[in-house]
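**Q** The structure is given below, and queries will be raised subsequently.
Residue numbers (the numbering used here): -17 to 220.
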């Protein structure tokens, strides 16, 4: 049942700019670092002479949580807005399909879109490194994959929370406002205590207990998904 709902959801987001947004974030992030290295090439390559790939990943790393939180917010809001703008919730929920399947399909769709975005980040960062003259032989393939995906797993609580808000509130300003605020605040994440979820994406990549942080993100994300699903099942959606 969920797969039927998911198939319909892919059709609904056609021409809504969601795929453009999913590509813009990672490519824009790589482009920003290309400009950074282009303007300070000699200085940065000398600074990272021992590990140029590590230096590039370090420069990309701290912008990933900002892009993830903002991207999660906009993807969830745009997906939900398709239903809100057309006032199609009543028609959708009148079909012989459970609300749980509808909510689950929206979550899977958002997660897969963000996975594509993380893969594009890995690819665009690798291409940037090659263009900057970093050796292909020394390319850290696993770290290139980890820089996006482990942070996405640690950011699942934000994805679940944003989807919950976006689907249950017709006024998307509330969800977007919270997401933008979280994105801005995450710039200071290293100063936060370890228990704050806004710090988890960075800790999942560079912290001492990376597996525990990823596990905490998955667990809290699952709990928020369950809470959102229960609320969505009981709420009258316009």
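Even for Gly, the Cβ is constructed at its ideal location relative to N, Cα and C.
Hey, would you say residue 204 sits closer than 8 Å to residue 195, going by beta carbons?
**A** Sequence index remark: in the chain shown, residue 204 carries index 222 (1-based). Sequence index remark: in the chain shown, residue 195 carries index 213 (1-based). No, the Cβ-Cβ distance between residue 204 and residue 195 is not below 8 Å.
**Q** Taking Cβ to Cβ, would you say residue 103 is nearer than 8 Å to residue 79?
**A** The count along the chain shown starts at 1 and reaches residue 103 at position 121. The count along the chain shown starts at 1 and reaches residue 79 at position 97. No, the pair does not count as a contact, with Cβ atoms beyond the cut-off.
**Q** Assign residue 177 to one of two classes, buried (16 or more other C-beta atoms within 10 Å of its C-beta) or exposed (fewer than that).
**A** Here residue 177 corresponds to residue number 195 of the chain shown, with the count starting at 1. Answer is exposed; the Cβ neighbour count stays below 16.
**Q** Which residue wins for smallest C-alpha separation from residue 49, given the options 27, 140 and 210?
**A** Residue 49 sits at position 67 when you count from the first residue of the chain shown. The shortest Cα separation from residue 49 among 27, 140 and 210 belongs to 140.
**Q** Can you tell which of 189, 193, 162 and 182 has the C-alpha that lies nearest to the C-alpha of residue 57?
**A** For the purposes of this step, residue 57 is taken as the residue at position 75 of the chain shown. The residue with the shortest Cα to Cα distance from residue 57 is 162.
**Q** How many Å lie between residue 124 and residue 27 at the Cα?
**A** Numbered from its first residue, the chain shown carries residue 124 at position 142. Numbered from its first residue, the chain shown carries residue 27 at position 45. Answer to the nearest angstrom: the Cα atoms are 22 Å apart.
**Q** Let me make sure I understand the geometry here. Which of 155, 55, 25 and 108 has the alpha-carbon closest to that of residue 89?
**A** Locating residue 89 in the chain shown gives position 107, counting from the first residue. Comparing Cα-Cα distances from residue 89 to each of 155, 55, 25 and 108, the minimum goes to 55.
**Q** Report yes if the C-beta distance between residue 180 and residue 168 is below 8 Å; otherwise report no.
**A** Here residue 180 refers to the residue found at position 198 when the chain shown is read from its first residue. Here residue 168 refers to the residue found at position 186 when the chain shown is read from its first residue. Yes, Cβ-Cβ distance for residue 180 and residue 168 is below 8 Å.
**Q** On a Cα-Cα basis, can you pick out the residue from 19, 198 and 65 that is closest to residue -8?
**A** The residue labelled residue -8 in the question sits at position 10 within the chain shown. The shortest C-alpha separation from residue -8 is found at 65.
**Q** Going by beta carbon distance, what residues of the same chain come within less than 7 Å of residue 145, once the five residues before and after it are set aside?
**A** Stepping through the chain shown from its first residue, residue 145 is reached at position 163. For residue 145, where only same-chain residues beyond five positions count, the Cβ hits under 7 Å are 58, 88, 89, 92 and 210.
**Q** Scan the stretch 48 to 108 and note each continuous alpha helix (DSSP H) run of 4 residues or more that stays entirely inside, going in chain order.
**A** Counting whole runs of 4 or more residues, the stretch 48 to 108 contains the alpha helix (DSSP H) stretches 71 to 76.
**Q** Taking DSSP as the reference, what is the three-state secondary structure of residue 40?
**A** Counting from one through the chain shown, the residue named residue 40 turns up at place 58. In the structure shown, residue 40 sits in a helix (DSSP, three-state: H, G or I).
**Q** Would you report the Cα separation of residue 164 and residue 173, rounded to the nearest angstrom?
**A** Counting from one through the chain shown, the residue named residue 164 turns up at place 182. Counting from one through the chain shown, the residue named residue 173 turns up at place 191. Distance between the alpha carbons of residue 164 and residue 173 is about 14 Å.
**Q** Specify, as a first and last residue, the run of the alpha helix (DSSP H) that residue 187 falls within.
**A** In the chain shown, counting from the first residue as 1, residue 187 sits at position 205. Residues 182 to 188.
**Q** Since residue 8 is in the alpha helix (DSSP H), which residue starts that stretch and which ends it?
**A** Taking the first residue of the chain shown as position 1, residue 8 is located at position 26. If you look at residue 8, you'll find it in the alpha helix (DSSP H) that goes 0 to 21.
**Q** Under the three-state reduction of DSSP, which class applies to residue 159: helix, strand or coil?
**A** What you label residue 159 is simply residue 177 of the chain shown in a count that begins at 1. Note: residue 159 maps to helix in three-state DSSP.
**Q** If you draw a straight line from the alpha carbon of residue 138 to that of residue 29, how long is it in whole angstroms?
**A** Residue numbering aside, residue 138 sits at position 156 when the chain shown is read from its first letter. Residue numbering aside, residue 29 sits at position 47 when the chain shown is read from its first letter. Taking the straight line joining both Cα atoms gives about 34 Å.
**Q** Tell whether a beta-carbon distance below 8 Å holds between residue 184 and residue 47.
**A** Sequence index remark: in the chain shown, residue 184 carries index 202 (1-based). Sequence index remark: in the chain shown, residue 47 carries index 65 (1-based). It is a contact, given that the beta carbons lie within the stated cut-off.
**Q** Could you pull out every residue in the same chain whose Cβ sits closer than 7 Å to the Cβ of residue 214, ignoring the five residues on either side in sequence?
**A** Residue mapping note: residue 214 aligns to position 232 of the chain shown, counting from 1. Excluding its 5 nearest sequence neighbours in each direction, residue 214 has C-beta neighbours in its own chain below 7 Å: 81, 85, 149 and 150, listed in chain order.
**Q** I need the boundaries of the alpha helix (DSSP H) containing residue 212, first residue and last residue.
**A** Position 230 of the chain shown, counting from 1, holds the residue named residue 212. For residue 212, the uninterrupted alpha helix (DSSP H) segment begins and ends at 192 to 216.
**Q** Whose C-beta lies closer than 8 Å to the C-beta of residue 0 among residues of the same chain, with five residues either side of it excluded?
**A** What you label residue 0 is simply residue 18 of the chain shown in a count that begins at 1. The answer, listed in chain order, is 57, 60, 61 and 95.
**Q** Which two residues bound the contiguous alpha helix (DSSP H) that contains residue 132?
**A** Residue mapping note: residue 132 aligns to position 150 of the chain shown, counting from 1. Looking at the DSSP string, the run of the alpha helix (DSSP H) that includes residue 132 is 123 to 136.
**Q** If you follow the alpha helix (DSSP H) that residue -16 is in, where does it begin and where does it stop?
**A** The residue labelled residue -16 in the question sits at position 2 within the chain shown. -16 to -6 is the span of the alpha helix (DSSP H), which, as asked, contains residue -16.
**Q** Can you list, in chain order, the residues of its chain whose CB lies under 7 Å from that of residue 112, leaving out five sequence neighbours each side?
**A** The residue given as residue 112 occupies position 130 in the chain shown. Taken in chain order, the residues that qualify are 118.
**Q** Rounded to whole angstroms, what is the Cα-Cα separation between residue 19 and residue 43?
**A** As a working note, residue 19 is residue 37 in the chain shown. As a working note, residue 43 is residue 61 in the chain shown. Each residue's Cα considered, the two are about 15 Å apart.
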